[in-house]
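Enquirer: Have a look at the structure that comes next, please.
Number of protein chains: 4
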Amino acid sequence: MIKVGIVGGTGYTGVELLRLLAQHPQVNVAMITSRSETGVKVCDMYPNLRGHYDTLAFSEPDAKQLGAMDAVFFATPHGVAHALAGELLENGTRVIDLSADFRLRDADEWSRWYGQAHGAPELLQEAVYGLPEMHREKIKNARLIAVPGCYPTSVQLGYLPLLEAGLIDPGQLIADCKSGVTGAGRGAKVGSLLAEASESMKAYGASGHRHLPEISQGLRDIQQSTVGLTFVPHLTPMIRGIHSTLYGQLTADPGDLQALFEQRYANEPFVDVMPAGSHPETRSVKGINTCRLAVHRPGNGNTVVVLSVIDNLVKGASGQAIQNLNLMFGFDENTGLTAPALMP
Amino acid sequence: MIKVGIVGGTGYTGVELLRLLAQHPQVNVAMITSRSETGVKVCDMYPNLRGHYDTLAFSEPDAKQLGAMDAVFFATPHGVAHALAGELLENGTRVIDLSADFRLRDADEWSRWYGQAHGAPELLQEAVYGLPEMHREKIKNARLIAVPGCYPTSVQLGYLPLLEAGLIDPGQLIADCKSGVTGAGRGAKVGSLLAEASESMKAYGASGHRHLPEISQGLRDIQQSTVGLTFVPHLTPMIRGIHSTLYGQLTADPGDLQALFEQRYANEPFVDVMPAGSHPETRSVKGINTCRLAVHRPGNGNTVVVLSVIDNLVKGASGQAIQNLNLMFGFDENTGLTAPALMP
Amino acid sequence: MIKVGIVGGTGYTGVELLRLLAQHPQVNVAMITSRSETGVKVCDMYPNLRGHYDTLAFSEPDAKQLGAMDAVFFATPHGVAHALAGELLENGTRVIDLSADFRLRDADEWSRWYGQAHGAPELLQEAVYGLPEMHREKIKNARLIAVPGCYPTSVQLGYLPLLEAGLIDPGQLIADCKSGVTGAGRGAKVGSLLAEASESMKAYGASGHRHLPEISQGLRDIQQSTVGLTFVPHLTPMIRGIHSTLYGQLTADPGDLQALFEQRYANEPFVDVMPAGSHPETRSVKGINTCRLAVHRPGNGNTVVVLSVIDNLVKGASGQAIQNLNLMFGFDENTGLTAPALMP
Amino acid sequence: MIKVGIVGGTGYTGVELLRLLAQHPQVNVAMITSRSETGVKVCDMYPNLRGHYDTLAFSEPDAKQLGAMDAVFFATPHGVAHALAGELLENGTRVIDLSADFRLRDADEWSRWYGQAHGAPELLQEAVYGLPEMHREKIKNARLIAVPGCYPTSVQLGYLPLLEAGLIDPGQLIADCKSGVTGAGRGAKVGSLLAEASESMKAYGASGHRHLPEISQGLRDIQQSTVGLTFVPHLTPMIRGIHSTLYGQLTADPGDLQALFEQRYANEPFVDVMPAGSHPETRSVKGINTCRLAVHRPGNGNTVVVLSVIDNLVKGASGQAIQNLNLMFGFDENTGLTAPALMP
C-alpha cells in the first residue's frame, strides 16, 4: 500500500483519479489539495464519491506534506507542476503530471505555445513521456512522468504501427479529432454550457492547437524524422470520449494492415484492435483505460484510415496516469483498471 | 464460486448483469441465452465486454442446461419466466426474475394489467419480492425472487420511512417520476430514437401504467391498509436514471424528518440519505446500486416532498438482482457492487 | 411600423426577441443595449442572426435614446427595469418587462424573495400582468407589462379552467415542473455545463423558489381566495422547454373535463388543448408561442392531472412579450408568431 | 399559388417540407401520400403541425391525383421516384426528387451502389442535379430535379471555390463528415436509439458509402477531371446538422483564400462565408437553408481546411428542394426560407 497525493483535485481529471483509485487495492489517497476548496470534503463536492472517501477533504497544497507521499499526481493547469515538482523529487516523491508541463522536451517550444517561460527546464531531461505503449521500460524507472494529452494519446496510438513499419508518408498526416466537452475542463465557460454545446458540432483551433507540437514530437520519435501533421479538433456534444480519425498516404504496399495492427498491440493490455471492418464507438470505452482501434483502406486505394477511440478522462488522462503509477511501483499494470465500460 | 445463467441476455438488463458480474469475485456466468442471437459472442454484440467474456456466446434457452446452474436470472419480457421457473426450481436452481412475472401476488390483477393469463400462479405463494430494505430475511431463504421494477424501487424506498411512521395520508400519495430512455428497453421503437426522444420531455401512461399495481401493493404492505396513489411517469432525455418526486400530506407533526430518514436507512448499504436541503442528481448514481434520498417540507407546511434517485438499470434492475443473489448465497451484500458512480 | 428597443440583449430572452422579431412585419428593432458588449454587432455574437441584423450593434443603455422608441423590452436581470421604466413611461414609451420586476403586486413580498428593496413601487398599481388568456383587455390599454415567468405561465394556463370552474381544492395544488437549461440563463455557471447537466435529472429549490409567489398570486386572482401550492422545479437535460405536471384534488363531479378545457381555450390562439388521452411533448412547441395542454383523471378517481408544455423562451418569455406588444399596438395577436415548431 | 404534392410524407424530409411550406406564401400542399398511414391526419402524426394543416391527411400514392399537381416532391426511399416520375412528367407535373434516384448520371454506377437495376434510365438525360450554386440556370428550366444528398451538398459547396480555381490536388481530397442522427431517417433501428447513439461518436461506412459516387461526380463536374476522394462519415449525437471538415493539398500559391471564397459566394443567398478565422457551428443553421463556410490554412502550410455546416434536413434536403421549386416556378429564390435559425 502506497500513499499518494493529488494536487488540484477539483477538476475532472482530479475526480476521475479519485473514482478510479477507489478501486485500487494498493493505493491510499492520503491527501488532495485545492486552494479554492480548502476544507471541503471531496464527497460534498462530488456526491458520486459518498461512501468512498467520507473523510478526505481538500487542503492547501503544502509541499512538505506532499513530500511525505510516495507519489503525487498533478491534475492542475499548466505551470503548477513546474513550481512544485523539483522539491518533491528531491524528497524522493515520484511525480506524475497530468498537465502539459513536461510533455515537450524543448522549453522554448513550450514557451511559444503556452505563452510563458518554462518554469523547470532543468527537469526536462529526466521527464519521461508516459505513453506505456512506447516507453514502458523508461516509465518503470522514472521519477517524473509527463502523462500524454488526450488527443495525443489517441493519435499516436493510431499512427504508431504505420509509422514504425514505414508505410505512410510522414509529411502528409491528417488527424481529424472529435472530443466530448470534458476535454475543455470544469471551468464555467459560456461555450461549454449545455445550452451552447449540445445539439451542435464545431471545429476549434483549426489554425493551431497546443496539442499539435506534442503530437508532432511523439510522431517524430516514432518516425525518426520530421513529420507534417494537420490536426483539427472538434467539440462534440457528449460528456466523455475522443474519436480520432487518422488519414495517411501509403508509400508502399502495406500488406495485411489488420495483422500489422494486431501484432503490434498483441501484448498491450490497454489497446484493443477491433476486427477488420469495425467502427469503434467512443461509448465502448466510457470510463475505462482502453484505446480501441480499427484500420481501413477505402477502395483498396492509397489512403489508409485509422479510427481510434479513448475516454479522454481515462486513457486520455487519469487512467493512463494510474497505468504509469502501476508500472513505476511494480504493480500489475492493470491494477485498479479492470472494470468494463458503462454501456449503454 | 457459483455458476449462473442469464435467460434473455440481449436487452439492457442482460448486458448490465454481465457488466456488473464481471467484477463479482464469486460468480461465474456460465450460460447466457437468446433465441435471436444464438451463436453470437456477447462481446461482439456489446464491445464494452471485449476482454471480459471473450468466449461466452448466446445459446438457446435450454431448461436442462439452465438446470445445471446454481442460479438463473431472467432478463426477459413478461411471460418467459412463468414458463421456465417451475422446472428450474424443481432442479434446485434458484430463480431471480427481473421481469414482472412474479411481482404481483394476485394472479388476476396480473392478468388484467398484462393482458394474458398468469402462467405460473402456483409459484406466487413462494415468490419473494426482492426489495432487501423491506424483505431481507425472506430473501435470504428464498428460491424465487421477483426483482422489483425500476419505478417501484425508487418510489417505495422514498415513501417507506413516512408510511412506517404513519406520518402521511396513505390515500393521497402522488409520485411524479422521470426516467431515462433505457427504461423502455432496447427494442427498436420510433419513440425511443434519439431524434424523437432527445431535446424533449413528456409524460406517458398518465391514466394508468403497469407499475402502478406493483407500487400500490408494496405501499400497502408497508402501510397495512389501502393506499391511494397517483403515479405519472415521464420520459426524460437521458440514457439512465430515475428521479422520483414524491408528495405526501402530513397527518401529524412529523418531528425531525431528516433524522427519521437517516435512522431508517442507517444500516442499509445501498440507501444514502443526503444531507438536509439536498437535491440528489440521477448522475450521482450512474452505474451503481445506490438509491439517494432527500426529504423536504416546503414552507414548513403540510406537504412533504421526497426526492429519490436510482439508476434504473442497476438498483432498478440488475444491481438489485445481484444484491438479492448475494443475500441468497450468503455473500457480502455488496459483493461486486462497490465501484463509485461514473461522474461526470 | 413601430420602433422598439431591447435592454439587456445578450441573454437568451434577448436573442430570442431578435429571432422572433426578424419575422415581424410591423416592428423595427432600432436599438439593443448591453453594457458588457457595447459596439459588438449582434450577428457577431449570435451567428444565427447573420443576414438578418447585419448592422445592429449593442449600445449603452441610454434612457434618452430608449425614450425615442415606441416600446422597449427589458430582457434583464431583476432590478434594471425598476430603474428605467418610470422615465420611459413619462416619455410615452411603452414598457414590456420580461424580468420579475413588476410581476408581484406587493412590493414587500417582492423584497423578501429578491433580497433587495423594490425600486419602483409607485408603478405597481399600473403594471399589468401580461398573461393574455387572463388579462387581454387590460393588456390592450397598458403602458407597462410584466411578462409572466416561464414556470408561472405553464402552471397558470394548466390550472385556469379547473379553478375558474371551482372543481378542485385550491389548498392542495401540486405543480411538478421540468425545465430545460436555458431557464437558468446564459451565465457561465458550473451547474449549467453540458458535462454537469446532461445525462442527469435533479430537482432544485424544493423548499422555495422565486416563481412560487408569482404563481400563487396568479392562482389567487383566478380563484378569488387563498391557495396552497407546492411547487417543485426540476432541471432537465435539454435546451428548451417546460413540462408542468399539475395535480389537483377534485371537490365536485367534474363532468367532462376535456370539454371544459376545450371550451375555455376555444378562442385562444396560443393555447392548444390536445385530444383526450394525449401526452404533449415539449418538442412540439420548440420555438413557438403555443402552450399545449392535456387533462387526465387517472382511474376516474379524485385526482386530476394536467400536462402543460411550453417553450420557456417563447410562450415563457419572448414570444409572450411579443404577443403582448401585438395587443398593445393593435396588431393581429399572432403577428410574427405563426411559424410551426421545429420537429424533430 | 401552386399546388404541390408530397410522396412519402411520413419521414423526416417529408415533415420538414410541411414545416417549411407552411410559411411559403405561394404554395398549397394539396396532397401527401403514405401507404402505411393512409387516412391519418398529418397533425396527428406530427403535433408541431397542429394549427397549420388541420385537415390534410395521408392518402394512397395515386398517380392520377398526383398528376393534377403543379409539382410533386418525392421524400421516399430510393426506387419509388423511378416508378412514378415518368408518368408525372408526361402530365406536365414537375418532379423534385429528394431521394437518390436521379443523382447519378450513370445507371450502371447507380445499380452497383444501390443493389438493384435503375428503374428509369431514360430520364437520366434530362434530370438536373439541383445544386443551385452550380446549376442555377438549368434548374430554372428543369422538369425533373435530383435534389443533392446532405453530405454531398456540404462537401461540394466547401470544395467548389478551390477546385474551380485549380488550387488543390483533385487526387488527394479528404472529407471527414459528421452528421446528426436524422440523417439515418425515421426508421426504428437499434443503432439510432437515444440509448445507443447519444453520448457516443463513431464513424461508419469508412470503406465505402453511397454518397461517395455522388460527391465524386459533382467534384468531377467542377474539376473537369477525375478526382480521388476519401470520404468518412460519422454519426454524431445530435438531431440535426452536418459538419464537413474538408482537406486539400495546395498545388499553387493560393493567394487570399478568404477573398476567393467571399467572391465565389458573394451573390449566393444561401451560402455564408464566415469571417476569417471562424469555426461555424452546426446549430447556427438549425432549421434554415444556409450553408456556412470557413477556410483555414494551418501554419501557412500546404494543407487547406474548409469547415462547412448545413442542416441536413434543410439545405441537405427539404429546404434545398424548395429552393429548387422557387427557381423552377420563378418565385424569389428565398421565398419561404427566410426565418433565422433557432439558437440556442
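Chains as they are written, first to last, in the UniProt record's numbering: chain U, 1 to 344; chain B, 1 to 344; chain V, 1 to 344; chain A, 1 to 344.
Glycine included, C-beta positions come from ideal geometry on N, C-alpha and C.
Just reading off the alpha helix (DSSP H) that histidine 296 (chain B) is part of, what are its end residues?
Expert: As a first step, residue 296 (chain B) must be located in the second sequence, where it is residue number 296. No alpha helix (DSSP H) holds histidine 296 (chain B); the beta strand (DSSP E) holding it covers 291-296.
Enquirer: Taking the C-alpha atoms as reference points, what is the distance between histidine 52 (chain A) and valine 314 (chain U)?
Expert: Counting from 1 along the fourth sequence, the entry for residue 52 (chain A) is found at position 52. Counting from 1 along the first sequence, the entry for residue 314 (chain U) is found at position 314. Approximately 50 Å, taken between the alpha carbons.
Enquirer: Let me confirm a value: aspartate 108 (chain U) is counted as buried when at least 16 other C-beta atoms fall within 10 Å, else exposed. Which label applies?
Expert: Position 108 of the first sequence, counted from the first residue, corresponds to residue 108 (chain U). Classification of aspartate 108 (chain U): exposed, given that the 10 Å Cβ count is below 16.
Enquirer: Can you list, in chain order, the residues of its chain whose CB lies under 8 Å from that of lysine 286 (chain A), leaving out five sequence neighbours each side?
Expert: Indexing the fourth sequence from 1 puts residue 286 (chain A) at position 286. Excluding positions up to five away in sequence, the list reads Arg240, Gly241, Asp311, Ala341, Leu342 and Met343.
Enquirer: Run through chain B and tell me which residues come within less than 9 Å of histidine 211 (chain V), C-beta to C-beta.
Expert: In the third sequence, the residue the question calls residue 211 (chain V) occupies position 211. Within 9 Å Cβ-Cβ: nothing; histidine 211 (chain V) doesn't reach chain B, min ~13 Å.
Enquirer: Say whether chain B places a C-beta atom closer than 9 Å to the C-beta of proline 280 (chain V).
Expert: Mapped onto the third sequence, residue 280 (chain V) falls at position 280. It does: the Cβ of proline 280 (chain V) has a partner Cβ on chain B nearer than 9 Å.
Enquirer: Should methionine 328 (chain B) be labelled buried (16 or more other beta-carbon atoms within 10 Å of its own) or exposed?
Expert: Within the second sequence, residue 328 (chain B) is the residue found at index 328, counting from 1. So methionine 328 (chain B) ends up on the buried side.
Enquirer: Just how far apart, CA to CA, sit asparagine 267 (chain V) and proline 132 (chain V)?
Expert: Working through the third sequence from its first residue, we reach residue 267 (chain V) at position 267. Working through the third sequence from its first residue, we reach residue 132 (chain V) at position 132. Their backbone Cα atoms lie some 12 Å apart in a straight line.
Enquirer: Nearest by alpha-carbon distance to serine 36 (chain A): which of A:Ser59, A:Leu157, A:Val4 and A:Phe261 is it?
Expert: The sequence position of residue 36 (chain A) within the fourth sequence is 36, counting from 1. Of the listed residues, the one whose Cα sits closest to serine 36 (chain A) is A:Ser59.
Enquirer: Which residues in the same chain as leucine 49 (chain A) place their Cβ atom closer than 8 Å to its Cβ, once the five residues preceding and following it in sequence are excluded?
Expert: Taking the first residue of the fourth sequence as position 1, residue 49 (chain A) is located at position 49. Taken in chain order, the residues that qualify are Val15, Leu18, Arg19, Ala22, Val42 and Cys43.
Enquirer: Can the beta-carbon of leucine 293 (chain A) be found closer than 9 Å to that of glycine 158 (chain A)?
Expert: Within the fourth sequence, residue 293 (chain A) is the residue found at index 293, counting from 1. Within the fourth sequence, residue 158 (chain A) is the residue found at index 158, counting from 1. Against a cut-off of 9 Å, the Cβ pair of glycine 158 (chain A) and leucine 293 (chain A) comes out as a contact.
Enquirer: Starting from the beta carbon of glutamine 323 (chain A), find every residue of chain V whose beta carbon is closer than 7 Å, and list them in chain order.
Expert: Here residue 323 (chain A) refers to the residue found at position 323 of the fourth sequence. The premise fails here: glutamine 323 (chain A) is roughly 15 Å from chain V at the closest Cβ pair, so nothing lies under 7 Å.
Enquirer: How far does the alpha helix (DSSP H) with proline 233 (chain V) in it reach, from first residue to last?
Expert: Here residue 233 (chain V) corresponds to residue number 233 of the third sequence, with the count starting at 1. Taken as a continuous stretch (DSSP letters only), proline 233 (chain V) belongs to no alpha helix (DSSP H), being part of the beta strand (DSSP E) at 229-235.
Enquirer: Give the DSSP bridge partners of aspartate 272 (chain U), in chain order.
Expert: Your numbering for residue 272 (chain U) matches position 272 in the first sequence. According to DSSP, which records beta bridges pairwise, aspartate 272 (chain U) is partnered with U:Arg292.
Enquirer: In this structure, does DSSP put histidine 135 (chain B) in helix, strand or coil?
Expert: The sequence position of residue 135 (chain B) within the second sequence is 135, counting from 1. Residue state, collapsed to three classes: helix.
Enquirer: Contact between the region 228-239 of chain V and the region 175-183 of chain V is defined here as three or more beta-carbon pairs at a separation below 8 Å; is this criterion met?
Expert: yes
Enquirer: Run down chain U in chain order and give the residues with a C-beta less than 8 Å from the C-beta of alanine 342 (chain B).
Expert: As a position in the second sequence, residue 342 (chain B) is number 342, starting the count at 1. Note that residue 342 (chain B) is leucine in the sequence shown here, rather than alanine. Chain U residues near leucine 342 (chain B): Arg19, Asn48, Lys286, Gly287 and Leu342.
Enquirer: By DSSP's criteria, asparagine 28 (chain V) is part of a beta bridge. Which residues make up the other side?
Expert: As a first step, residue 28 (chain V) is located in the third sequence; it is residue number 28 there, counting from the start. Asparagine 28 (chain V) pairs with V:Lys3.
Enquirer: Please report the distance separating the alpha-carbon of threonine 290 (chain U) from that of glycine 301 (chain V).
Expert: Stepping through the first sequence from its first residue, residue 290 (chain U) is reached at position 290. Stepping through the third sequence from its first residue, residue 301 (chain V) is reached at position 301. Those two C-alpha atoms are separated by around 54 Å.
Enquirer: Between the region 179-191 of chain V and chain A, which residues of the former have a C-beta closer than 7 Å to a C-beta of the latter?
Expert: Thr182
Enquirer: Measuring only between beta-carbons, confirm whether alanine 195 (chain V) sits less than 9 Å from chain U.
Expert: Counted from its first residue, the third sequence places residue 195 (chain V) at position 195. So, interface residue.
Enquirer: With distances taken between CB atoms, is the gap from leucine 144 (chain U) to valine 128 (chain U) smaller than 9 Å?
Expert: Start at 1 with the first residue of the first sequence, and residue 144 (chain U) comes out as number 144. Start at 1 with the first residue of the first sequence, and residue 128 (chain U) comes out as number 128. Yes, Cβ-Cβ distance for leucine 144 (chain U) and valine 128 (chain U) is below 9 Å.
Enquirer: Among B:Ala276, B:Ala75 and B:Val227, which has the Cα closest to the Cα of arginine 186 (chain B)?
Expert: By one-based count along the second sequence, residue 186 (chain B) stands at place 186. The option with the nearest alpha carbon to arginine 186 (chain B) is B:Ala75.
Enquirer: In chain V, which residues lie with their C-beta within 8 Å of the C-beta of glutamate 199 (chain U)?
Expert: Counted from its first residue, the first sequence places residue 199 (chain U) at position 199. Chain V residues near glutamate 199 (chain U): Ile239.
Enquirer: Can you give me, in chain order, the residues of the UniProt domain "Semialdehyde dehydrogenase NAD-binding" (3-142) of chain B that have a beta carbon less than 9 Å from any beta carbon in chain V?
Expert: none
Enquirer: Taking only the alpha-carbon atoms, compute the straight-line gap between valine 80 (chain A) and isoleucine 322 (chain B) and give it to the nearest angstrom.
Expert: What you label residue 80 (chain A) is simply residue 80 of the fourth sequence in a count that begins at 1. What you label residue 322 (chain B) is simply residue 322 of the second sequence in a count that begins at 1. If I take the Cα positions, the gap works out to 52 Å.
Enquirer: Please name the residues in the region 252-275 of chain V whose beta-carbon is closer than 7 Å to at least one beta-carbon of chain A, in chain order.
Expert: Asp272
Enquirer: So is residue 345 (chain U) in contact with chain A if we call contact Cβ pairs under 9 Å?
Expert: Residue 345 (chain U) lies beyond the range of chain U shown here (1 to 344); nothing can be said about it.
Enquirer: Can you name, in chain order, every residue of its own chain whose Cβ lies under 8 Å from the Cβ of glycine 228 (chain U), other than the five neighbours on each side?
Expert: Counting from 1 along the first sequence, the entry for residue 228 (chain U) is found at position 228. Closer than 8 Å at Cβ, skipping near neighbours: Pro170, Gly171, Gln172 and Leu173.
Enquirer: Out of A:Phe102, A:Arg210, A:Tyr12 and A:Glu281, point me to the one whose CA is closest to tyrosine 151 (chain A)'s CA.
Expert: Along the fourth sequence, one-based indexing puts residue 151 (chain A) at 151. Closest option to tyrosine 151 (chain A), Cα to Cα, is A:Arg210.
Enquirer: Less than 9 Å between CB atoms is the rule here; does arginine 220 (chain A) satisfy it with respect to chain U?
Expert: Looking up residue 220 (chain A) in the fourth sequence gives position 220. Chain U, which has no Cβ nearer than 9 Å to the Cβ of arginine 220 (chain A), makes this no.
Enquirer: With valine 155 (chain U) and isoleucine 215 (chain U) assumed to form a contact (beta carbons below 8 Å), what rounded beta-carbon distance in angstroms separates them?
Expert: Stepping through the first sequence from its first residue, residue 155 (chain U) is reached at position 155. Stepping through the first sequence from its first residue, residue 215 (chain U) is reached at position 215. About 5 Å; that satisfies the 8 Å criterion.
Enquirer: Kindly say whether alanine 317 (chain U), judged by its beta-carbon, lies nearer than 9 Å to any beta-carbon of chain B.
Expert: Indexing the first sequence from 1 puts residue 317 (chain U) at position 317. Cβ-Cβ to chain B under 9 Å: no for alanine 317 (chain U).
Enquirer: Give the C-beta separation of valine 190 (chain U) and alanine 195 (chain V) to the nearest angstrom, bearing in mind that I take them to be a contact with Cβ-Cβ under 8 Å.
Expert: By 1-based counting over the first sequence, the position of residue 190 (chain U) is 190. By 1-based counting over the third sequence, the position of residue 195 (chain V) is 195. That pair is no contact at about 14 Å.
Enquirer: Find out if the Cβ-Cβ distance for the pair residue 346 (chain B), phenylalanine 73 (chain B) is shorter than 9 Å.
Expert: Residue coverage of chain B in this structure runs from 1 to 344, which leaves residue 346 (chain B) outside it and unanswerable.
Enquirer: Would alanine 85 (chain V) pass as a contact of aspartate 101 (chain V) if the rule is Cβ separation under 9 Å?
Expert: For this step, residue 85 (chain V) is matched to residue 85 along the third sequence. For this step, residue 101 (chain V) is matched to residue 101 along the third sequence. Yes, these two residues count as a Cβ contact at 9 Å.
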